[in-house]
Each structure stands twice: as C-alpha cells, then as structure tokens.
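Chains as they are written, first to last, in my numbering: chain A, 422 to 805; chain B, 422 to 805.
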C-alpha cells in the first residue's frame, strides 16, 4: 500500500489548555482506504512519543518506509483499509511534519525553540477535531491509539463524545504514576542540562543536545521493554562474544573497563540512543513527555475516574499487556472499571506477552486477533 | 555510641581480578564493640554503592552523624555491639576514605582519575581479608551486607569459606539482570558524556561532572523505590500545592512548563541529584556500578549457581523485600535454592514491605526481628 503525506494549514488561533494559543500552524496527516458515501467509516489513529502520521503503508519508491503500525493497519489487516478510511495525524509540537519547536513563530518571526507553547492531550484532540472538520468527517467510526495515543483516544470520547462511536485504547492509562513522571523528568533533565541545549534555542547555535537525547532514549528503551525480554534478548552476554573477538565461556574475556561497552545490552542501548539523537528534536521530547505527565481526566473530578468518564458515550476496546510495567494492566483495569460504572460497552483483553510496553507495536496473533474481531464488529454495525 | 574512623595502609601489591594490581593503598574502617578473648565474635559489614565504613554510631561532637546502618547495628540492636565486634570497611575505589580515583597513583605521582584499576567484588573481599589479617581475626562470626554488600558477603563464603561461619545476604542477587546493567549503563553514560568529566581526569580541570552525577542519582532513586511507595509519598501532587503557592483542587494551578518543576516527585529527584553531585566522585560511581555488573560467581561454572556455591561452608540468612524490583525476591530464592542443593543451612525471610530496594536500610520490625533472632543464634552458638 502506497501512501503520501499531506499537510493542512490553519490560520485561526487554537486556544490551548494553558491559556496560550497557537495560530498559523500546519498538521501533517496521511490517509489510507476510501471514505464511504455516508462518511461513516473513518478511523483516526493517534500516535505516541516517537511516531507520526505515517501509520501504515510505505512511500512510493521507498519499500522500507513502512508506517509504525503497519502490522495493524492496511488491506486485510486488523484495521482493514479495504473497509475503513484511516487517518493518521502528526501532533502539534512534533518534529515529523506538523508545526513544532523548529518552525517559525509568526508572532516573532523567530524559530519557536523553547517558546513553543506547552500542548496537552486535550489540545491535540482539539487540533485533530479541526482537521476532521476540514475533511468533513463528522463522526468517527473509531479513534484508536496505544500508550500516549491511547490517552488521546480516551480524551476524544470525553471531549467530543458525539463524534466517536468507538474508542480503542491500547497499553494506556488514565494518568501517569509518580514513577512514570520520574522517568520522564530524568530524561528531560538530561536534555535540559546538556550544554548544547542552550535553554532550548540550540537551533541558533547550530548544535543539537545529542548527549541528553541519547540518555533520554536509553531510559525510554529500558522502560519500554520487560525485564524478561531483556534477559532473553541480551541477558548477561558480552559484546566480545557477539563480535567473535573472544568467546571464552569462563569469563576470562572480560575486558575490565568502566567506559567501554562490555555487555550486549550496553551496545544495544548506545546504538538506540545514537540513532534517536540523530533525528529527534529535543524540544519536542520535552513537550511530548509533559503532555504525558499532565494527562489526568479525573483531576477536575476530585480524582473520581468514574465521574470523569461519565461524559463518554462511545463503546470501548481496551487492551493491555501482562509484562508492561510502564502502562501496567492494572491501569487499564481502572479504566474498564470506571467505564463499567457508567454502564458503557467495554471489551477488554489482557494479552500475556513478554515484550513489555513495546508489545503494542509488535506482531502478536492474539493481540491482532482481538483488534481484528472488534473492527469486524464495527464494520458490521456500520453496514447494518 | 561514639565511633572513630581508622585507616590501615598496605604497601604490598594486591593482585586484582583484571590482571592489574594496586599497591600502597589504604583502607578506611571503623569498629564498634569489643573483640572477645577467643577473637571469635567479629562481624564484617560490607557496604553498597553510596555507603562507607561508617556503619553505626556517630562521631564525637556530631550527634547527627549516625552510620548508614544505625537501625541495625549498635548496643542492644539486632547486630548487638554488646556481644559482637563489628567492623565496617570502606572499599577500594570509594570516595569516602579508602584509596580511590582522587588519590595519587604511586606509579605515576599523578591522581589516578580514570586510571584507577577496575575493582571487582572479589577484589574487595581480598582486600577486606588482608585487613582482617592485620587485625588478627582469623574467622568471622558473620559477614553481612545488603545489595552490593550482600554480593560481597556471598563472595566471602566462596573465596574464604573457612573464615566465615555465617553469611547474611540481604536484598541481593547472584548477579545483575540485563535491566539492572542497563540502568547502570545509562547512569555511566550520563557521567562519561558530561563535558566536565574530561575522560575521568576532571580533577586537573577543577570541575566536577555534576550534570552526569545528578542524572545517575535520579535514575538510582527511581529504581531503589517501589512504584507503590512513590505513589504514596508523591503521587501526582503538584509542587505548588506543597509550597502553598496554589492549591486549587481542579488542576487550574498547573503552570504548563517543560523545564520547571511541576510535580513533587520532580522536586524530590532534583534535590537528591543535587545533593549527591556535591559529594560523590564520578570515577567511583563508574567503578562501583561496574563491580555490580561483573559480579557473577556462577559464570565459571557455566551458569550453574548450585555448583558455584558448593564451595561455601557457612550457614546463611537471606532476606528479600516484596516490592524490591531491582533485587527482586526471586533472585534471593535462586540463591536459597542453590544453597539448599548443596545442603547448606539456610534461613530465608521474604519481608512484605512497600519501600522497594530501599527497605533494607529502613526500620521494619519484622525485618529487624528476623536479623535479631539470627544473630542471637550466632551468639549462642559462639557461647556454647
């Protein structure tokens, strides 16, 4: 399936939750499949930290450019683009096409940098709703996302209940725990205290705070994986054993070094960190992790999640993964309970998978089967 | 109880596991209690990452200077200094008194810096054994430690089985998992890539890689605590609510900032990181985390822990804590199983405590009770 990125410009200001507003911004998006005559088969996909509007398919002439959820979305896939019109949209503040910190602030004529306004999950949903207005899509058959994308899907059902028939919330949570905020904060501090960050205005200095981005990504990788899968993939194996530089089984090929790579897990993390620091924007990292921290729909209901979710009228599919310790199954169960308290239709699957939080992006037959069955139900409902 | 630090110098070279050796080094140590006539009531305490020889009591005129295990050790305490002669020793490579990276290398006349040799748990135990030789203590009533200190206690029973009657191994593991190595590696990268690290030779530049040390400590704190205790202590509470700058319950006192402190957990972590960066040596951090990574007594037995522990002749007390995800109870159970495979005497307690890995340093009646009962048994045995 070949897809092409598109862009939509918005001149009128978007009021943000912080009280600030943003104007003259663009949203990058992609679509696959065909919108039906009744305009009733649209599915919006919301992305998480390190993803974009490029959800599925690949770009012409670039067969390796598959979208980040290509296992999930496409012709004949669980979210079947032969039946559904799928929209991927890149969020405000991202570094993958929509207006973000590296773009020009129309109020100053300068690059936004650290002055890009703080955006929240709710702001992203508002921006996405405007895009749908332009596309003349009144009601979504479904809104779907994993992790931070799941928070957006949930928020859609609260901010625009009349516009969403189904919310598909995967590996997500009603808010972050203190531990999750803590990991985000360490990653942010690594970026902000990198001398190349220059208070967020590093573009003018023609440098990139790569040290900080590397550390942030390494922390991310540890928390996306489970202890089990790390032990299986890397265990305590030495890098020298992998490269063939040495393979003495009695540990005599230890190199006794504090700064060089000794274990395979170290090599993997450094590689992931280096790669990420080449393409990800540091200000975007701060913005997106802050949106994660802030999301908490129950806050203005005194922490009562059941009250907070009373506004939702959609039906829901929730999925969690047994070894996901960053967005643990118990957090999804909190959502299930709050929805059931409101007598909403809820399907919930807890998938026994070894891959931790990453599982939501991976191929797992039971997981994909659950989503496939749910979307078949949505398709039947739309046809009836 | 008033204690005083002492120092013992060693001129003869100590051969290290890496093949290197170190000479003209000093070990800082402290003792409390009285060595009995039979020299049979000595208990050696091994320390973990951020601790020292100052295990209990306080320094004259400084009532706030309690040792790091003062809840555990002292007159009438679980490790009763009215009965036992307790020795705390600071490890080689530390920054709290024993010879370390900030001292002069006798071979070059320069500060060691990054050239301080890589030391392992086994090397520390060898150095401790030499100290005991000088103190004319042939056999220890017990060797005891938590976390990395527990690894040393275990290693004592393997390297000097005839010199240890009891091994007390708390919140420890037979080796680190890939996830633990990964956290250590991120912390090390934060330090090494700090421009003020200067390849480990920052002393000559009169700077300290504080940015890296802060990040390292923040990561450490997250992993020492449990998700539960973090949620209880900090939850999603805002800093403004704590300072009284605002207390609107509906979240309208959010400040919408990516670089400033918003949540209490952030404030806590920054404080801990700042404090640590004021006193801890960066090269020591690298050395100690590497010693953790390398420890793996089963390695030269093809990963067979039961075979590896066959050398031990001591009796053992092992303790783990239910919410410790860094040195999880299942890791202690691996040790228990391997010791039982060898028909060793083993007492094991799994304490249901909310505090994560930190629990081994905290006051918990059941935990302290278990240790007290075990040391009463040791005392009776010594008397009979």
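C-beta: ideal position from N, C-alpha, C; glycine also.
Since the model is a prediction, treat every value here as computed from it, not as a measurement.
Taking the alpha-carbon of residue i as reference, which of the options has the nearest alpha-carbon?
i             : options                       : result
residue 718/A : 728/A, 751/A and 783/A        : 728/A
residue 544/B : 803/B, 577/B, 762/B and 556/B : 577/B
residue 441/B : 462/A, 763/A and 678/A        : 678/A
residue 486/A : 562/A, 425/A and 501/A        : 425/A
residue 498/B : 546/B, 547/B and 476/B        : 476/B
residue 560/A : 704/A, 457/A, 430/A and 472/A : 457/A
residue 547/A : 584/A, 521/A, 528/A and 530/A : 584/A
residue 694/B : 614/A, 649/A, 743/A and 549/A : 614/A
residue 433/A : 530/A, 738/A, 555/A and 647/A : 555/A
residue 507/B : 528/B, 527/B, 531/B and 460/B : 460/B
residue 455/A : 422/A, 802/A, 801/A and 596/A : 422/A
residue 740/B : 627/B, 749/B and 625/B        : 749/B
residue 697/A : 637/A, 427/A and 716/A        : 637/A
residue 474/B : 570/B, 482/B and 443/B        : 570/B
residue 537/A : 522/A, 529/A, 531/A and 527/A : 522/A
residue 767/A : 782/A, 641/A, 527/A and 738/A : 738/A
residue 792/A : 482/A, 656/A and 566/A        : 566/A
residue 511/A : 530/A, 531/A and 451/A        : 451/A
residue 539/B : 723/A, 654/A and 680/A        : 680/A
residue 439/A : 676/B, 514/B and 782/B        : 676/B
Under the three-state reduction of DSSP, which class applies to residue i: helix, strand or coil?
i             : result
residue 776/B : coil
residue 663/A : Bear in mind that a pLDDT of 46 at residue 663/A, under 50, signals an unreliable position, so the number given afterwards is only what the model happens to contain. Of the three classes helix, strand and coil, the one that applies to residue 663/A here is helix, per DSSP.
residue 654/B : helix
residue 742/B : strand
residue 466/A : strand
residue 565/A : strand
residue 542/A : helix
residue 802/A : helix
residue 452/B : strand
residue 427/B : strand
residue 475/B : coil
residue 514/B : coil
residue 447/B : strand
residue 771/B : strand
residue 669/B : Any reading at residue 669/B needs caution, since the residue's pLDDT is 49, under 50, leaving its predicted position unreliable; the model's value is listed next. It is coil, neither helix nor strand.
residue 621/A : helix
residue 551/A : helix
residue 642/B : helix
residue 437/B : coil
residue 558/A : coil
residue 633/A : helix
residue 486/A : coil
residue 533/A : coil
Tell me whether the beta-carbon of residue i lies closer than 9 Å to the beta-carbon of residue j.
i             : j             : result
residue 709/B : residue 470/B : yes
residue 651/A : residue 598/B : yes
residue 495/A : residue 509/A : no
residue 621/B : residue 535/B : yes
residue 516/B : residue 702/B : yes
residue 472/A : residue 520/A : no
residue 684/A : residue 721/A : no
residue 588/B : residue 780/B : no
residue 525/B : residue 463/B : no
residue 623/A : residue 562/A : no
residue 430/A : residue 518/A : no
residue 574/B : residue 467/B : yes
residue 551/B : residue 437/B : no
residue 730/A : residue 770/A : no
residue 687/B : residue 804/A : no
residue 646/B : residue 600/A : yes
residue 716/B : residue 596/B : yes
Report the CB separation of residue i from residue j in whole angstroms; it is logged as a contact under 8 Å.
i             : j             : result
residue 773/A : residue 592/A : So it is not a contact: roughly 14 Å between Cβ atoms.
residue 808/A : residue 747/A : Residue 808/A lies beyond the range of chain A shown here (422 to 805); nothing can be said about it.
residue 492/A : residue 784/A : 5 Å
residue 465/B : residue 564/B : 5 Å
residue 527/A : residue 444/A : 6 Å
CB of residue i to nearest heavy atom of the ligand MN: below 8 Å?
i             : result
residue 598/B : The model on display carries no ligand, and the ligand MN is accordingly not part of it.
Quick test of the definition: if touching needs 3 or more C-beta pairs under 8 Å, does the stretch 783 to 797 of chain A touch the stretch 747 to 759 of chain A?
no
Taking 8 Å as the cut-off, does the stretch 600 to 610 of chain A touch the stretch 572 to 590 of chain A (at least 3 CB pairs, one atom from each stretch)?
no
Report yes or no: do the stretch 699 to 708 of chain B and the stretch 632 to 648 of chain B share at least 3 C-beta pairs separated by less than 8 Å?
yes
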